[in-house]
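In the numbering used here, the protein residues as written are 2 to 210.
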């Protein structure tokens with residue numbers, strides 16, 4: 002599955018901060034059952050590389066699995082070794098982007114300004130994470146879309162919920178990252194599954210499906 006295919010089918014990235022290995026398969030299955038195709042395990046989670054390995058082995062054929070909060074180039078190869086295929090960061094670090102592309106993985110660095118966005122694209126980013134979304138608005142996304150190269154993929158993370166997904170997508174976002182509203186440590190698998198289906202339904206409604 003390509004990133005384009007994933008975002009077109011369901012433009013939601015699940016940010017699984019705090020996920021533990023013993024939850025990885027159950028949570029991943031709940032997301033897949035809700036047709037959420039991108040799973041991101043932030044590296045400040047407990048034993049993240051093991052969780053990535055579990056999800057990559059189980060869901061890699063039908064989902065995009067990888068890591069978030071990737072801050073240093075050295076961790077990129079560890080994600081690749083674990084079977085991950087996408088690297089997401091809260092910031093733009095040119096060396097992380099270059100390391101990601103050397104490993105043949107998808108690069109999604111975090112940016113907040115047009116200057117950062119253009120630098121990230123020049124370094125080889127496959128998509129841009131607009132972060133924190135709490136400090137932006139759909140109007141800002143629309144304005145950035147007007148100046149960025151055609152086809153630039155934008156994923157807004159932070160401040161997105163089931164009530165405003167439609168506003169972000171209408172503003173020009175290709176996808177949204179959903180974190181604690183979807184998963185957080187201690188949340189039951191049943192609640193994760195229910196919320197995943199609710200977010201998926203809200204997204205389909207926003208897309209007119």
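Even glycine gets a Cβ: it sits at the ideal position worked out from N, Cα and C.
- Query: Where residue 97 and residue 154 are concerned, what is the direct C-alpha to C-alpha distance, given to the nearest angstrom?
  - Reply: Distance between the alpha carbons of residue 97 and residue 154: 18 angstroms.
- Measure the beta-carbon distance from residue 22 to residue 51 and round it to whole angstroms, keeping in mind my assumption that it falls under 8 angstroms. Confirmed, about 4 angstroms.
- Query: Using DSSP with H/G/I as helix, E/B as strand and the rest coil, what is residue 57?
  - Reply: Residue state, collapsed to three classes: helix.
- Message: Report the start-end ranges of each beta strand (DSSP E) in the segment 54 to 117 that is 3 residues or longer and not cut off at the edges.
- Response: The segment 54 to 117 contains, as complete beta strand (DSSP E) runs of 3+ residues, the segments 65 to 69, 87 to 89 and 107 to 109 (chain order).
- Task: Below 6 angstroms CB to CB, which residues in the same chain sit around residue 195 once its five sequence neighbours on both sides are set aside?
- Result: Around residue 195: no qualifying Cβ.
- Message: On the criterion of 16 or more Cβ atoms from any shown chain inside 10 Å, does residue 39 qualify as buried, or is it exposed?
- Response: Answer is buried; the Cβ neighbour count reaches 16.
- How big is the Cα-Cα spacing for residue 80 and residue 112? About 21 angstroms.
- Item | residue 63 burial status per 10 Å Cβ neighbour count (16 or more: buried) | It is exposed - the Cβ of residue 63 has fewer than 16 other Cβ atoms within 10 Å.
- Can you round the beta-carbon distance between residue 55 and residue 25 to whole angstroms, since I take them to be within the 8 angstroms contact cut? The distance from the Cβ of residue 55 to that of residue 25 is about 4 angstroms, consistent with a contact at the 8 angstroms cut-off.
- Which same chain residues, not among the five before or five after residue 199, have their C-beta less than 8 angstroms away from its C-beta? Within the same chain, 163 come within 8 angstroms of residue 199 by CB-CB distance, once the 5 residues on both sides are set aside.
- Residues bridged to residue 182 [DSSP beta-bridge criterion]: Paired residue(s): none; residue 182 is not in a bridge.
- For residue 143, which beta-bridge partners are listed by DSSP? Looking at the DSSP output, residue 143 sits in no beta bridge, so it has no partner there.
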